[in-house]
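To start, the structure itself, in structure tokens.
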Ligand SMILES: Nc1ncnc2c1ncn2[C@@H]1O[C@H](COP(=O)(O)OP(=O)(O)OP(=O)(O)O)[C@@H](O)[C@H]1O
Ligand SMILES: [Mg+2]
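In this note's numbering, the protein residues as written are 284 to 491.
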């Protein structure tokens with residue numbers, strides 16, 4: 284499903300951020316990836332999702348394959364079919380005034396989706412009235428509507444209370460059954476929801 288071969292990322296200021304990463308995830312499911320702040324989790328997420336090199340022009344060496352297709356070879360406008368990402372900062376990803384404008388879909392699909400996470404009441408709300416966690420949920424749903432193969436959630440659960448965390452994990456468990464992969468990033472293991480397949484980022488950095 285996901286193959287990372289000899290990935291190295293160097294910033295535009297020539298800082299080496301990731302060096303010779305090799306990692307593979309074959310199965311679908313929800314994975315929790317934890318690692319200390321500043322170690323490169325977001326940079327890895329940007330690389331998997333194609334933001335590097337398609338939008339952020341860092342120097343990328345090595346390859347990342349999603350279902351055997353190399354991310355560099357995907358067209359910019361095709362990336363969303365393969366990978367979704369919820370950014371660490373939701374304000375970079377919301378473009379409209381109201382929730383219903385962010386979530387473009389037919390009425391019934393949208394109603395079912397909002398209902399499954401119990402947030403129908405937010406559909407007509409103005410974006411700037413949402414809490415931080417609610418903003419992240421709206422971005423998560425806008426990604427879900429694009430039906431990507433891989434979805435990365437960058438520090439989403441640390442912004443949510445237990446009630447929403449549980450609802451979202453249950454929703455995602457069902458969603459990944461359709462041969463999809465979710466990777467949840469946090470800087471501490473105990474911020475990740477229980478019961479995920481856990482990956483220690485240190486082990487990825489060590490090249491195991
Ligand atoms: N444009 C840049 N130029 C130089 N260094 C950068 C640049 N962008 C990121 N870095 C550095 O790369 C390293 C990894 O950053 P990254 O944001 O990927 O870490 P992270 O694990 O997601 O951290 P956090 O848990 O705090 O979100 C950090 O040391 C950061 O300062
Ligand atoms: Mg980060």
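Ideal Cβ positions, reconstructed from N, Cα and C, are used throughout, including at glycine.
Apply the 10 Å Cβ neighbour rule to residue 437 and answer buried if 16 or more other Cβ atoms are within range, or exposed otherwise.
-> buried
Whether residue 440 touches residue 485 by CB criterion (8 Å) = no
Taking only the alpha-carbon atoms, compute the straight-line gap between residue 333 and residue 418 and give it to the nearest angstrom.
-> 23 Å
Beta strand (DSSP E) runs wholly inside the region 461-488, at least 3 long, in chain order | 464-469 and 480-483
Report all residues from its chain with a CB closer than 7 Å to the CB of residue 259; omit the five preceding and five following residues, and keep chain order.
-> The first residue shown for the chain is 284 and the last is 491, placing residue 259 beyond what the model contains.
Distance cut-off 7 Å: residue 374 Cβ against heavy atoms of ligand 2 = no
Verify whether the separation of the beta carbon atoms of residue 405 and residue 382 is less than 8 Å.
-> yes
Beta carbon nearer than 5 Å to a non-hydrogen atom of ligand 1 = 294, 296, 298, 300, 320, 321, 322, 323, 324, 325, 326 and 470
Would the beta-carbon of residue 306 fall within 8 Å of that of residue 487?
-> yes
How would you write the range of the alpha helix (DSSP H) that residue 335 sits in, first residue to last?
-> 334-337
Could you please give the first and the last residue of the uninterrupted beta strand (DSSP E) stretch that includes residue 369?
-> 366-369
Could you tell me the boundaries of the alpha helix (DSSP H) in which residue 448 lies?
-> 445-459
Residue 497 - partner residues in DSSP beta bridges = A question about residue 497 goes unanswered here, because the residues of the chain that appear run from 284 up to 491.
Run the proximity test for residue 483: is its beta-carbon closer than 7 Å to any non-hydrogen atom belonging to ligand 2?
-> no
Among 366, 458 and 462, which residue has its Cα nearest to the Cα of residue 399?
-> 458
Per DSSP, residue 285 forms a beta bridge with which residues?
-> 308 and 349
Contacting residues, own chain, Cβ-Cβ under 6 Å from residue 421 (five flanking each side not counted) | 382 and 385
Can you give the beta carbon distance from residue 370 to residue 410, rounded, assuming they're within the 8 Å contact cut?
-> With 8 Å as the limit, residue 370 and residue 410 do not qualify as a contact, their Cβ atoms being about 15 Å apart.
Residue 396: first and last residue of the uninterrupted alpha helix (DSSP H) it sits in | 390-399
Of the residues 444, 391 and 392, the one placed nearest residue 492, counting alpha carbons only | This structure does not reach residue 492, given that the chain is present from 284 up to 491, and the question cannot be answered.
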